[in-house]
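Quick note, the sequence shown lines up with residues 202 to 351 if you use the numbering used here.
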Amino acid sequence: MLNDEWMKLALLEARKAEINNEVPVGAILINLQDSKIIEKSGNNMMSKSNPLAHAEIEIITKSLKNLKRKYLENTAIYVTLEPCMMCAAAISEARIKKVFFGAYDKKKGAYHNNDITNIKSYFKPEIYGGIMEKECSKIIRNFFKKIRLK
202 MLNDEWMKLA LLEARKAEIN NEVPVGAILI NLQDSKIIEK SGNNMMSKSN PLAHAEIEII
262 TKSLKNLKRK YLENTAIYVT LEPCMMCAAA ISEARIKKVF FGAYDKKKGA YHNNDITNIK
322 SYFKPEIYGG IMEKECSKII RNFFKKIRLK
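Encoded structure:
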């Protein structure tokens, strides 16, 4: 599959999250060896009443439990929004090899301003931003526009 195809699947998870009144962020984790989906999720902060239940954290937690592994080497995560510092740190701790994200997050994004990449102790994944950026930005922008109109 191409990056756009994986990101389309992450966008489906973002749309599911939006239906549940969550900030529409979706993610999928794939095995780089066989190109199969390991896990997928959207944000679940509202439904779980947990500010840590970001899509990335949900995927990492479920994958480690289901695979009975300590690390997620040889995996790639596709996320519709640039991961925040918490999620970027979790991605590094889980040793996810590649990160592909859609929309840049100018306020909380950990990669574009080098917040996470400057920390020496973290495993450093390969980072690729701007995958289907227009589509990923649009879903976030429209969500917050609706909230401001209420």
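A virtual CB, placed ideally from N, CA and C, is assigned to each residue, including glycine.
It should be emphasised that the depicted structure is a prediction, and the values quoted were computed from it without experimental measurement.
- Sorting I229, Q234, T276 by C-alpha distance to the C-alpha of E257 places I229 at the top.
- Listed in chain order, the non-local C-beta contacts of V224 below 8 angstroms within the same chain comprise A218, N244, M246, I341, F344, local neighbours out to five positions each way being set aside.
- By the C-beta criterion, the region 301-316 is judged not to be in contact with the region 266-274, since fewer than 3 inter-stretch pairs fall below 8 angstroms.
- I278 is bridged by DSSP to L230, V300.
- Look at S242 here: in three-state DSSP terms it is strand.
- For a cut-off of 8 angstroms, the C-beta gap from A277 to I231 is around 5 angstroms, short enough to register as a contact.
- Residue pairing for G310: DSSP places it in a beta bridge opposite C285.
- For E327, the three-state secondary structure derived from DSSP is strand.
- Membership of A211 in the alpha helix (DSSP H) is indicated by the continuous run 204-220.
- The distance from the Cβ of Q234 to that of N275 is about 6 angstroms, consistent with a contact at the 8 angstroms cut-off.
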